[in-house]
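K.L.:
Protein chains: 2
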Amino acid sequence: MNRINVFSSQVIGPTKDADAIAGSTKIKTVHEDAWGYKDTQFKMNPSDGCVSLSGDRYLYSGKRFPNLYPFIQKYGVDKDIATPAKNIEAKFFDSSKSTINESFLESLRGAVPNLRLSVDPKERVMASHGHTVQEIWALRFGKFSRIVDAVIYPESHEEVEKIVRLADQFGVAVLPYGGGTTVSHSLLCNPNEKRMILAIAVSRMNSVLTVNRETMCVRVQAGCVGSHLEKALGSVGLTLGHEPDSWEFSTVGGWIATRASGMKKNIYGNIEDLLVDVKVVTPIGTLTRGTEGIPRMSAGPDILQMVLGSEGSFGVITEAVLKVRPAPEAKTFGSLVFPSFEDGLRFMREVARRRIQPASIRLMDNTQFLLGSSLKPEQSIFQNFLDSVIRFYVLRVKKFDPENICAVTMSFEGTKSDVAKHESMLNSLATSQFNGLVGGAGNGIRGYFLTFVIAYLRDFGLQHQFIAESFETSVPWDKVDIVIRETKAQVLADCKAAGIAHEPMISARVTQTYDSGAAVYFYLGMSWKGLNDPVATYSQIEDRARECVMKHGGSISHHHGVGKIRKQFMDQAVGSVGKAMIKGLKTTVDPRNIFSNGNLV
Amino acid sequence: MNRINVFSSQVIGPTKDADAIAGSTKIKTVHEDAWGYKDTQFKMNPSDGCVSLSGDRYLYSGKRFPNLYPFIQKYGVDKDIATPAKNIEAKFFDSSKSTINESFLESLRGAVPNLRLSVDPKERVMASHGHTVQEIWALRFGKFSRIVDAVIYPESHEEVEKIVRLADQFGVAVLPYGGGTTVSHSLLCNPNEKRMILAIAVSRMNSVLTVNRETMCVRVQAGCVGSHLEKALGSVGLTLGHEPDSWEFSTVGGWIATRASGMKKNIYGNIEDLLVDVKVVTPIGTLTRGTEGIPRMSAGPDILQMVLGSEGSFGVITEAVLKVRPAPEAKTFGSLVFPSFEDGLRFMREVARRRIQPASIRLMDNTQFLLGSSLKPEQSIFQNFLDSVIRFYVLRVKKFDPENICAVTMSFEGTKSDVAKHESMLNSLATSQFNGLVGGAGNGIRGYFLTFVIAYLRDFGLQHQFIAESFETSVPWDKVDIVIRETKAQVLADCKAAGIAHEPMISARVTQTYDSGAAVYFYLGMSWKGLNDPVATYSQIEDRARECVMKHGGSISHHHGVGKIRKQFMDQAVGSVGKAMIKGLKTTVDPRNIFSNGNLV
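Protein chains in written order, with the numbering used here: chain A, 841 to 1441; chain B, 841 to 1441.
This is the structure in structure tokens:
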């Protein structure tokens, strides 16, 4: 058994450790009013509209994208219209009134002497929101009606046990805080909460406690951040393989609480497939199984599955045992181009039917494909020439319609020979039976890259009167097509009705495939020119899109969760008895409702 | 969408349909005091001890097994000692007192006019027990302290809704009854239940409602019996692939309620992997999701996972949506022989690590191997000669020790070429790195066959003063070895202390493999010669074995469930908070505790 600590040479964000959050350090590393690292930002040259990406973290950081502006211009992004954030400092201090339970704090100091506690307004705001566009909007242009009153940074499961016991005893509300990347409003505080609200940030609980190579499991503290954990495991030849889009910031505890899904789930599984054991501190005690590391068990309703998706309503997740795999010898990328979305979708269905998915396989629709293409960085004349040859071949020789063309991006992991064979098999299936063309590794890598910068792009839009967001669902195979078609049509109609000045951008991609269905991501972006309350209009359109998704057979969420933003759809999602059961669990473990975030039901 | 009905040309048992249970038909088909079909029974020739198997259902039905008696004789089975069942008719009528809630029955008749209801003592006894050795013992030599008061046979989800609503209203206790194959005492009635107890048998709810080839899912009524369902699906080119040992009798609803595991889970998954949707009638309403067939969802704690393992305590499972696969082109068997259990176990670990398991792969220890060998039917002189050549090769040339030799049996499903490649890869791994020898298809088939007759063998023992039973667990990989070793040692010591007259038979097999661990089955058999209360002694030894299993890191159960027989171990299994959560669910859906079977917690 090795004991290793997660270590990263660079400070990378609010979840890295508590010091990174406190005071000025944070400001140097992450945006206060947008997604991601402060050093990374899309910027537009006001003279020619050429967009560039700052920083050096990503594949295309430091590059210029001359084709992006022409693409987004038709949706109403205007280089001459800037919509900067209002003064954020003022907001922080405006929110600084706080409810402090002094006798609780006194007992807390006695019980956990070295506990770091902060009432700094910036830290409190940081712990009181996630990253939906509504929340970023509030940061940039609005305000929060209630934020947490203090933030604490415990360092162990045992400290959390003491804290929760005291909070329950003194009537203090508790909000567990992981990476803050939630997109379900799960961190927004109840404006009517009269009690002190205490955020328990798990950022100091970021150790890998044990590595067991016989069972291929690791025990980790719940505050481990995805990319850090992966790096630590990589240093001993292992991989977790869990890569949600947020993995640079999101934590193990957050994944569990949200039912996270990773891009490479076809090899590594979603979080429910990775989770072997868990410790959750609830007001009635710590939930944990008595026999450790059991692979599969018949002992009544699965308690792990009751914690998965609990969205901070039951307790604080402090530790987890997760499966790991040997780090793969090779990681490669590939792509395929199809003349139509229908062809691509039939291909995806067949791949799932045969269960021959690579680590990741995703189908982009035409709009996504064009967006992806517009994100090609400035390149040499020779490369431009090569591209035009390829374009000639695809459009003229193969007669693909540029308005219908779509793409599949793939990532492979395994031995060198296996990944090569796998890619060749998929390429041959696509070309022989589904009218596909092999698109090469470059497009595959760009598809992957797009994932990590899509949130930066969204916030770039906010600087130019353009509001954008993604929302996702899961759908049985026989309804994927209709859910996408009807939802796009609904959004277009609603945008028109709402008086959106320009054509809105609505696109879809199939991001995960299962035996019986698939996950679908929508991207919606629109100019808010002339709108009275842009974020309200956007929210209304998204809600109606969700109604449409569910009406045609899609789910409430594939992996974003419910929180408060999708709570109104829970009746339909799990029925009244399902809701009662979730409420029953909540009442059982938290009879005084100290985990009062109001998520789920 | 096709609508097909499960149909079988032969009456095969109590779950086939209600008429098969009523009156004389049942007596013709299933044993009243033992496992399985009445036409199938091991019998010993009193003169030479040669054992034969009656009937024609199984591979070796109608065959004689000259090597079995010599093998079991050393454990104390004596051809001259017979221990026949006591008069079972008398017991049935002894148990015939019943508590009838007349006003409930009157309302019930009004609400569900054509409902078949029986107060026949035989049907009532049948619905009040499962198939542990303790229950078979009670049938043969003892009695039940409480049985259900009536049995009803609804035909649809809607009928069950009416029935449960009335039962809740009139204070009638309800016991859902599937195939009756439970081995956790989950069907035993609470002796202190003063209310009328009504068994709801789902045997008439055995239709396949819809088949969807695009999503590859079927919607079935919960009373569908495994082998019937498989046959129905096979007729349209599909397979469910779920084959628990009980599948000739057990039902879809029972699988869900028990968290069943099937032999071929490596391809098809366990029941939790197969289940896509469910309908459960609880006293507060029907639990069901509003969007059908969702492949994966983040909507809080998973309600399907709260029903899985609920053991009849929450409601009546009436319908389910299950995944299906295309029926495989080829089904083949293989086997490997290893010089020691340790070698075999290392091989199993490596196969799981590489995730190259065939449909089924199981490792038998030396005792199981010898038992399997002793079950070879009488054969030709030529075949005997061939066997002795093979024996010579294995024991003399390869120098395998007959007291240590063990075997792996495998079943493969897929295309002809894939299964051949797969077997060849596993054979080559075993022989090149784990000292294995290829054992051929015959042994593989015999291993498979043993599964289905092991319960018949147990009940054969009961006729000859020999009490036997299996129990199972799941264990992390690093503890499989110690759990098996320590449990065997504990059982041997406890048998000695209990004064067992002959050497007991205690053996183990690894029946399933997972990423992080394996499932282990133990078989324990012992002569009860001279024992005062054989079944009590046996139960005590099994309980202590379970303690030992859990002390060394094994679970409360891999797939048999908890019921009442393992309830005492739930504290250790899921902890006090876990138990509270399960109780919380129970209280929520069944506030008046009409599903009063007392299982789980």
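Where is the CB? At the ideal position from N, CA and C, for every residue including glycine.
Output needed in chain order: residues of the stretch 1077 to 1103 of chain B with a Cβ under 7 Å from some Cβ in chain A.
P.N.:
Hits within the stretch, in order: Thr-1098, Arg-1099.
K.L.:
Would you mind giving the Cβ-Cβ distance between Ala-1501 of chain A and Gly-1174 of chain A, rounded to the nearest angstrom? I have them listed as a contact below 8 Å.
P.N.:
The structure shown does not extend to residue 1501 of chain A, since chain A is modelled only from 841 through 1441, so no value can be given for it.
K.L.:
Output the distance between the C-alpha atoms of Gly-1438 of chain B and Leu-1176 of chain B, rounded to the nearest integer angstrom.
P.N.:
The straight-line gap from Cα to Cα measures roughly 44 Å.
K.L.:
Quick one, are the C-beta atoms of Ile-1245 of chain B and Asn-1206 of chain B less than 8 Å apart?
P.N.:
In contact: Ile-1245 of chain B and Asn-1206 of chain B (Cβ atoms closer than 8 Å).
K.L.:
Check Arg-1349 of chain A in the structure and name its three-state DSSP category.
P.N.:
Residue state, collapsed to three classes: strand.
K.L.:
Using a Cβ-Cβ distance cut-off of 8 Å, determine whether Leu-1332 of chain B contacts chain A.
P.N.:
With 8 Å as the cut-off, Leu-1332 of chain B does not count as an interface residue toward chain A.
K.L.:
Roughly how many whole angstroms lie between the Cα atoms of Tyr-898 of chain B and Leu-1211 of chain B?
P.N.:
Going by the C-alpha atoms only, they are around 18 Å apart.
K.L.:
Taking DSSP as the reference, what is the three-state secondary structure of Val-1389 of chain B?
P.N.:
Residue state, collapsed to three classes: helix.
K.L.:
Taking just the CA atoms, how far does Met-1045 of chain B sit from Trp-1317 of chain B?
P.N.:
Roughly 40 Å separates the two Cα atoms.
K.L.:
Identify the continuous alpha helix (DSSP H) that holds Asn-1224 of chain A and give its terminal residues.
P.N.:
Where Asn-1224 of chain A is concerned, the enclosing alpha helix (DSSP H) stretches over 1221 to 1232.
K.L.:
Find the nearest neighbour of Asn-1275 of chain A within the set A:Ile-1201, A:Gly-1254, A:Ser-1180, A:Glu-1263, judged by alpha-carbon distance.
P.N.:
Nearest C-alpha to Asn-1275 of chain A: A:Ser-1180.
K.L.:
Is there at least one Cβ from chain A nearer than 8 Å to Met-1036 of chain B's Cβ?
P.N.:
Cβ-Cβ to chain A under 8 Å: no for Met-1036 of chain B.
K.L.:
Would Gly-1019 of chain B be called buried (16 or more neighbouring beta carbons within 10 Å of its own) or exposed?
P.N.:
With 16 or more other Cβ atoms within 10 Å, it is buried.
K.L.:
Leaving out five residues on either side along the sequence, give the residues of the same chain with a beta carbon under 8 Å from the beta carbon of Gly-1424 of chain A.
P.N.:
Here the set comprises nothing.
K.L.:
With three or more beta-carbon pairs closer than 8 Å as the criterion, would you say the stretch 997 to 1012 of chain A touches the stretch 1378 to 1392 of chain A?
P.N.:
Result no; under three Cβ-Cβ pairs closer than 8 Å.
K.L.:
In three-state DSSP terms, what is Thr-1453 of chain A?
P.N.:
Because chain A spans 841 through 1441 in this model, residue 1453 of chain A falls outside it and cannot be assessed.
K.L.:
Smallest Cα separation from Ile-1040 of chain A: which of A:Ile-1324, A:Leu-1127, A:Val-1014, A:Arg-1186?
P.N.:
Nearest C-alpha to Ile-1040 of chain A: A:Val-1014.
K.L.:
Got a sec: is the Cβ-Cβ distance from Asp-1430 of chain A to anything in chain B below 8 Å?
P.N.:
So no, Asp-1430 of chain A is outside the interface.
K.L.:
Quick check: what's the CA-CA separation for Thr-1091 of chain A versus Thr-1098 of chain A?
P.N.:
Cα to Cα, Thr-1091 of chain A sits roughly 10 Å from Thr-1098 of chain A.
K.L.:
Over the uninterrupted alpha helix (DSSP H) stretch that includes Glu-1190 of chain B, give me the two end residues.
P.N.:
First-last of the alpha helix (DSSP H) with Glu-1190 of chain B: 1181 to 1193.
K.L.:
To which residues does DSSP link Ala-1122 of chain A through a beta bridge?
P.N.:
The displayed chain sequence assigns Thr, not Ala, to residue 1122 of chain A. Partner(s): A:Gly-1125.
K.L.:
What number of angstroms, rounded off, separates the C-alpha of Ala-1420 of chain B from the C-alpha of Met-1421 of chain A?
P.N.:
So the alpha carbons of these two residues sit roughly 13 Å apart.
K.L.:
According to DSSP, is Ala-874 of chain B part of a helix, a strand, or is it coil?
P.N.:
Coil.
K.L.:
What is the rounded straight-line gap between the Cα of Thr-1313 of chain B and the Cα of Arg-1349 of chain B?
P.N.:
Taking the straight line from one Cα to the other gives about 11 Å.
K.L.:
For Asp-1142 of chain A and Leu-1148 of chain B, which I take to be in contact (beta-carbon distance under 8 Å), what is that distance rounded to the nearest angstrom?
P.N.:
Between Leu-1148 of chain B and Asp-1142 of chain A the Cβ distance is about 7 Å, and since that is below 8 Å, they are a contact.
K.L.:
If you draw a straight line from the alpha carbon of Lys-1105 of chain A to that of Ser-1200 of chain A, how long is it in whole angstroms?
P.N.:
Answer to the nearest angstrom: the Cα atoms are 7 Å apart.
K.L.:
Counting along the chain, where does the alpha helix (DSSP H) carrying Tyr-1296 of chain B start and finish?
P.N.:
Taken as a continuous stretch (DSSP letters only), the alpha helix (DSSP H) holding Tyr-1296 of chain B covers 1281 to 1302.
K.L.:
Within 10 Å of its beta-carbon, does Glu-1169 of chain A have 16 or more other beta-carbons around it, so buried, or fewer, so exposed?
P.N.:
Exposed.
K.L.:
Considering only residues of the same chain and omitting the five flanking positions on each side of Phe-1362 of chain A, which have a CB-CB separation below 6 Å?
P.N.:
These residues qualify, in order along the chain: Phe-1311, Ala-1348.
K.L.:
Looking at Tyr-1378 of chain B: is its Cβ nearer than 8 Å to the Cβ of Ala-1192 of chain B?
P.N.:
Cβ atoms of Tyr-1378 of chain B and Ala-1192 of chain B: not closer than 8 Å.
K.L.:
Taking only three categories from DSSP, how would you classify Tyr-954 of chain B?
P.N.:
In the sequence under discussion, the amino acid at residue 954 of chain B is Asn, which differs from the Tyr named in the question. Looking at Asn-954 of chain B - three-state DSSP - the assignment turns out to be coil, as it is neither helix nor strand.
K.L.:
Can you check the stretch 880 to 950 of chain A for any alpha helix (DSSP H) of at least 4 residues that lies completely inside it and give the ranges in chain order?
P.N.:
Runs found: 908 to 913, 928 to 934.
K.L.:
Please compile the residues from chain A whose C-beta is within a distance smaller than 9 Å of the C-beta of Glu-1169 of chain B.
P.N.:
Within 9 Å Cβ-Cβ: nothing; Glu-1169 of chain B doesn't reach chain A, min ~13 Å.
K.L.:
Can you find a C-beta in chain A that's less than 8 Å from the C-beta of Pro-1198 of chain B?
P.N.:
Pro-1198 of chain B does not count as touching chain A.
K.L.:
So, for Ala-925 of chain B: in the same chain, excluding its five sequence neighbours on each side, which residues have a beta-carbon less than 6 Å away from its beta-carbon?
P.N.:
Excluding sequence neighbours, Ala-925 of chain B sits near Asp-873, Arg-980.
K.L.:
Which of the three DSSP states, helix, strand or coil, is assigned to Gly-1077 of chain A?
P.N.:
It is coil, neither helix nor strand.
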